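Participant: Heads up: the sequence shown begins at 147 in my numbering, then just goes up one per residue. Glycine residues also receive a C-beta, built at the ideal position from the N, C-alpha and C atoms. Predicted model, so just to flag it, every value in this text is computed and none were measured. Dropping the structure in here first, questions after.
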Amino acid sequence: MSSFVSSCIHKFTGLPLWRHADSFKGRLTALSCGLSVTVIWALVSFATTIQRQELSAVLFDQQLATARYIAADLDSELSHRLKLLALAAARFPGDLSPQRVEAYLNGEEILRHAFSGGVTVIGLDGMAIADIPPPSARRGIYFGDRAYFRKAVETERPYVDKPFMDGTSRRFILPVSVPVFDQIGKVRAVIAGATDLSSSDFLGHLVDSSSGGKGLLHVISPRDGIIIASSDTARFLTPLPRRGADPLYDRFAEGFEGSGIAPGPDGNPKLYSASRVPSANWLVIASLPAELAFQPIATMRNYLVALAALLTLLVVLLAHWLTRRIFAPLDLTGRAMRQMTQGEAPLALLPVKRKDEIGGMVENVNALIEGRRRSESALAESEERLRALGENSTEAILVHAHGCFVYVNPAALRLFGASTSEELLGKPIVDFVHPDSRQIVEARIRSVSIERQSAPQMEFAMLRLDGSVLHGEVSTVPYTYDNENASLAFVRDITERKRAEQALRESEERFHRLVALSSEWYWETDERYRISRVSGWGTAMKRDIVDAILGRTPENMGISGDEAIWRARYAVMRARLPFRDLEYMWKAPNGKIAWHSISGEPTFDEHGAFKGYRGTGRDITEKKRAEQALRHSRARIRELVDHQVQIKEDERKRIARDIHDELGQTLLVLRIDTSMLAQRAASSYPELHVTMKMMLEHIDSAIKSVKAIINNLRPSVMDLGLMPSIEWQVKEFQRTSGVVCELEVDDPDFDRYLDEKRCVALFRVLQESLTNILQHARASRVRITVRVRHEMLEMIVADNGIGIAPGARRKKNSFGLVGAEERIVSLDGAFVVDSEPGRGTRLVFSIPLHAPEEFPC
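So, in structure tokens, the structure goes:
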């Protein structure tokens, strides 16, 4: 057996085998070996790939489940602690004295067990009021600079701060805080709790997990950029990698929860899984080295590779031995046929030694030898008939192989303007195709010559030898020429038909242009722009008027209009370009005034010479009159609105003055009398004295209401000028709304340029803007800017609220900004709204100024 294997190896590696490597026997051996080897190695690759994918899925699921379990546990612990603080804050005593607060905290035994680092109550001044467990080591310490205090006060929501190392106990402490509200919902204190991260009921189990395996667990805070906790205690509170350095971490930080593979800090790939802790916006990340995870796969792959190499060697040896035995009779037959073909042996029937497929092939070869002479004779006759048909055909017949002409009939010579076939044969066919059609022709050649598919009839632009363009209708089918794949093409000249079609399209295009321009009448001019033809006027003009304008240019026809528009129109006509909807006013010879709108386009003769213009026109007199009436109506409406606003302001002023002079004085006298009566009854009639004090309180309340009504109608500060009125309104808005309001004025005496009407309008616009902000903007800051720019007074009201949604300004029953705009426009001013949803709103009001001596405010 060993000698047989050695012989096979010697024959396989010997030179005779490689000398016949391009034979059918060699190709069959190579094919069988190649298929076998491909299948073996494909199975090895497929098996290792599937195993790696399945193992990866299992590892990812297990690792992600671990991360989710830890994240859920952390979220539960954090939520529990925040709820305890929130419940304690909800039951907080009204008295914030240290003794009362400390007594309350000592009564909350559950807080002592939940927060191993203690619980502290911090006042709005940032000073600690009380803490547990006693003694109160933190009482009186300033905590106003701590993030958990500032965030709880600013956001009025619970806040989880980043952990820190306690300098005394050397423990990692996590502070959380909850605001304490009063009865009206305002923050009056902050209660904060501290938890030891390494405690057994919090992250102690995460620290203890470092003892098992080579995997790591991290709890990170993308907001603070640090590692909160880790099974590797050396990485507690260490910074995270910068954004962009680790794409997988960036995905985790942006909210992705799942698994992936990425290089670790040491450069080796690792399996990562992440889950989010919603309460603190943390991430729990579990990692495992890929080398450790896929170690079983690597071991299995090594065994499979060794086995595949052994099987490959056995397949190659066996295939070579079987091929030589099977094809031995075929080698003898091939040798005999080669001798007969080369004339070394006479043409004779070959012996049939087997009744298998090879024996059947030898019998077929014998039949082929018998029929060869008859076939050669019939082929010669067929080729003669085909040649006669091609030479006498009126259509061009082409045969091209490898992209070049190999046969052309006389009709093809005439088509391309050639006198002899040598001018076309051997030349690339794409050289005779118009550049616009070459890409399509090359695709058809590949489809027919290589893919052996017939190409449907199609029209192409082609080139003659003299460079002129012709159009052909081409059909192509696969063809065999000189035992090579070729294409047979039939070409019909359709150049004249294409020209007729182009002329028809141009005629239709001119027709469509005239239809698009048509209106009420049609006109033409000559090359000097003189009116040469007018038709279709109908009732727009009488015949005598038409006769009066023929032969005249627009300049001497009494046409008038906007000078800039006419200059632009003449520039267009000098450039010989079309124009549309040119409006002008024309005084007819009968004295009537009319407005017309015309459109036109230039015309050229067959040589491209300019012939003039032609176009259409229509009467727009009624349209112009309607537009003028609409403008007049809008002006009258605006004057009426302005008058109504002025009447309203005057009535406000009168009512405010009457209330102040009559009702205010009456209430003042009533208060004085009641006060004197209360003083007299203080000693003699105690019960009456109490009643009189209540009456005084009611009178004071009535006086305040009267003052508020007067200020709502017309603030008395407006008598001092616009600048004091704006300052008063800003302070009043900030007092009543709690929104921070800033005022910036570049010229405190700007109101000297304004009369009373403009002062009142600007004040009311400011009032309306602040009212809209209070009702709709949800803003925390407003900035008001008043400045003088280029003889214009500009007021800007900007907030950081939610902005105005598109279309909200003009919605039904919404007149706040519309009324402000009308006030400003009535003063020849401008009003601009700059707002985007989520980016706040910026209102800009600007009105013209006058000299100080003309309109003092």
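Cβ atoms of residue 362 and residue 376: under 8 Å apart, would you say?
Facilitator: Here residue 376 refers to the residue found at position 230 of the sequence shown. Here residue 362 refers to the residue found at position 216 of the sequence shown. Contact: yes.
Participant: Within the same chain, show all residues whose beta-carbon is closer than 7 Å to that of residue 564, passing over the 5 residues directly before and after it, in chain order.
Facilitator: Position 418 of the sequence shown holds residue 564. Correct list, in chain order: 570, 611.
Participant: So residue 268 packs on residue 324, CB below 8 Å; how close in whole Å?
Facilitator: The residue labelled residue 268 in the question sits at position 122 within the sequence shown. The residue labelled residue 324 in the question sits at position 178 within the sequence shown. Contact flag wrong, Cβ pair sits at about 11 Å.
Participant: DSSP three-state call for residue 641: helix, strand or coil?
Facilitator: Sequence index remark: in the sequence shown, residue 641 carries index 495 (1-based). If DSSP states are grouped into helix, strand and coil, residue 641 belongs with the helices.
Participant: Less than 8 Å between C-beta atoms, sequence neighbours within five positions excluded: which residues of the same chain meet that for residue 318?
Facilitator: Your numbering for residue 318 matches position 172 in the sequence shown. Hits under 8 Å: 309, 310, 311, 312, 342, 343, 344, 375, 382, 383.
Participant: Report the start-end ranges of each alpha helix (DSSP H) in the segment 241-306 that is 4 residues or longer and not cut off at the edges.
Facilitator: 244-253, 255-260, 293-301
Participant: On a CA-only basis, which of 188, 428, 843 is nearest residue 368? Give me that one, please.
Facilitator: Walking along the sequence shown from the start, residue 368 turns up at place 222. Closest option to residue 368, Cα to Cα, is 428.
Participant: Suppose the cutoff is 6 Å on Cβ atoms and the five residues either side in sequence are ignored; what does the same chain contact list for residue 889 look like?
Facilitator: Numbered from its first residue, the sequence shown carries residue 889 at position 743. Within the same chain, residue 889 has close Cβ partners 876, 930.
Participant: Taking its Cβ as the centre, do 16 or more other Cβ atoms sit within 10 Å of residue 240, making it buried, or is it exposed?
Facilitator: Locating residue 240 in the sequence shown gives position 94, where the first residue counts as 1. For residue 240, the number of other beta carbons within 10 angstroms of its own is below 16, and it is reported as exposed.
Participant: Any idea what DSSP makes of residue 122, helix, strand or coil?
Facilitator: Only positions 147 to 1003 of the chain appear in this structure, which leaves residue 122 out of reach.
Participant: Can you tell me whether residue 758 is buried or exposed? The criterion is at least 16 other CB atoms within 10 Å of its CB, across all chains shown.
Facilitator: Counting from one through the sequence shown, the residue named residue 758 turns up at place 612. Residue 758 is buried by the Cβ-count criterion.
Participant: If you run the structure through DSSP and keep just helix, strand and coil, what is residue 631?
Facilitator: Against the sequence shown, residue 631 aligns to sequence position 485. Here residue 631 sits in strand by DSSP.
Participant: Is it buried or exposed for residue 681, if we count other Cβ within 10 angstroms and need 16 for buried?
Facilitator: Locating residue 681 in the sequence shown gives position 535, counting from the first residue. Classification of residue 681: exposed, given that the 10 Å Cβ count is below 16.
Participant: Where are the alpha helix (DSSP H) runs, 4 residues long or more, that stay fully inside the segment 810-877, in chain order?
Facilitator: 811-830, 832-859
Participant: Do residue 820 and residue 801 have their C-beta atoms within less than 8 Å of each other?
Facilitator: Sequence index remark: in the sequence shown, residue 820 carries index 674 (1-based). Sequence index remark: in the sequence shown, residue 801 carries index 655 (1-based). Going by C-beta atoms, residue 820 is not nearer than 8 Å to residue 801.
Participant: Give a yes or no on contact between the segment 221-233 and the segment 190-210, applying the rule of three or more CB pairs nearer than 8 Å.
Facilitator: Segments in contact, no.
Participant: Going by DSSP in three states, residue 178 sits in which element: helix, strand or coil?
Facilitator: The sequence position of residue 178 within the sequence shown is 32, counting from 1. The answer is helix: DSSP assigns residue 178 an H, G or I state.
Participant: Just tell me which of 208, 322, 250, 211 has its CA closest to the CA of residue 227.
Facilitator: As a first step, residue 227 is located in the sequence shown; it is residue number 81 there, counting from the start. Of the listed residues, the one whose Cα sits closest to residue 227 is 322.
Participant: Cα separation between residue 765 and residue 714?
Facilitator: One-based indexing of the sequence shown puts residue 765 at position 619. One-based indexing of the sequence shown puts residue 714 at position 568. Roughly 22 Å separates the two Cα atoms.
Participant: Keeping to the same chain, check which residues put their C-beta closer than 8 Å to that of residue 401; ignore five residues upstream and five downstream.
Facilitator: Position 255 of the sequence shown holds residue 401. Cβ within range, chain order: 422.
Participant: Taking its Cβ as the centre, do 16 or more other Cβ atoms sit within 10 Å of residue 750, making it buried, or is it exposed?
Facilitator: In the sequence shown, residue 750 corresponds to position 604, counting from 1. With fewer than 16 other Cβ atoms within 10 Å, it is exposed.
Participant: Check residue 932 in the structure and name its three-state DSSP category.
Facilitator: Along the sequence shown, read from residue 1 onward, the residue named residue 932 stands at position 786. Three-state result, residue 932: strand.
Participant: Which residues does DSSP list as the beta-bridge partners of residue 363?
Facilitator: The count along the sequence shown starts at 1 and reaches residue 363 at position 217. BP columns for residue 363 point to 432.
Participant: Residue 550 bridges to which residues according to DSSP?
Facilitator: Position 404 of the sequence shown, counted from the start, is the residue given in the question as residue 550. DSSP output for residue 550 lists 547, 574 as bridge partner(s).
Participant: Between the C-alpha atoms of residue 818 and residue 866, what's the straight-line distance to the nearest angstrom?
Facilitator: Position 672 of the sequence shown holds residue 818. Position 720 of the sequence shown holds residue 866. Distance between the alpha carbons of residue 818 and residue 866: 29 Å.
Participant: Please return the same chain residues whose Cβ sits closer than 7 Å to the Cβ of residue 992, not counting the five positions on each side in sequence.
Facilitator: Counting from 1 along the sequence shown, the entry for residue 992 is found at position 846. Cβ within range, chain order: 938, 939, 940, 975, 976.
Participant: What are the boundary residues of the beta strand (DSSP E) that includes residue 727?
Facilitator: Numbered from its first residue, the sequence shown carries residue 727 at position 581. Where residue 727 is concerned, the enclosing beta strand (DSSP E) stretches over 725-733.
Participant: Can you tell me where the alpha helix (DSSP H) holding residue 590 begins and where it ends?
Facilitator: Residue mapping note: residue 590 aligns to position 444 of the sequence shown, counting from 1. Element bounds for residue 590: 584-595.
Participant: On the DSSP bridge list, what partners appear for residue 668?
Facilitator: Numbered from its first residue, the sequence shown carries residue 668 at position 522. Note: residue 668 sits in a beta bridge opposite 681, 762.
Participant: What whole-angstrom Cβ distance do residue 465 and residue 186 have, given they're in contact under 8 Å?
Facilitator: Start at 1 with the first residue of the sequence shown, and residue 465 comes out as number 319. Start at 1 with the first residue of the sequence shown, and residue 186 comes out as number 40. Wrong, their Cβ atoms sit about 13 Å apart, outside the cutoff.
Participant: On the premise that residue 627 lies in contact with residue 545, defined as a C-beta separation below 8 Å, what is that separation, rounded to the nearest angstrom?
Facilitator: As a position in the sequence shown, residue 545 is number 399, starting the count at 1. As a position in the sequence shown, residue 627 is number 481, starting the count at 1. With a Cβ gap of about 5 Å, residue 545 and residue 627 count as contacting.
Participant: Output the distance between the C-alpha atoms of residue 156 and residue 589, rounded to the nearest integer angstrom.
Facilitator: To locate residue 156, count along the sequence shown from 1; it is residue 10. To locate residue 589, count along the sequence shown from 1; it is residue 443. The predicted model places residue 156 with a pLDDT of 48, which falls under 50 and marks its position as unreliable, so this point remains unresolved.
Participant: With a cut-off of 8 Å on the beta carbons, I'd call residue 700 and residue 724 a contact; round off their distance for me.
Facilitator: If you number the sequence shown from 1, residue 700 lands on position 554. If you number the sequence shown from 1, residue 724 lands on position 578. A Cβ-Cβ distance of about 16 Å is found for the pair residue 700 and residue 724, leaving them out of contact under the 8 Å criterion.
Participant: Report all residues from its chain with a CB closer than 6 Å to the CB of residue 320; omit the five preceding and five following residues, and keep chain order.
Facilitator: Working through the sequence shown from its first residue, we reach residue 320 at position 174. Only 309, 341, 343 meet the Cβ criterion.
Participant: With DSSP as the reference, label residue 405 as helix, strand or coil.
Facilitator: Locating residue 405 in the sequence shown gives position 259, counting from the first residue. In the structure shown, residue 405 sits in a strand (DSSP, three-state: E or B).
Participant: Give a yes or no on whether 8 Å exceeds the smallest Cβ distance from residue 326 to chain D.
Facilitator: Among the chains in the structure shown there is no chain D, since it carries only a single protein chain.
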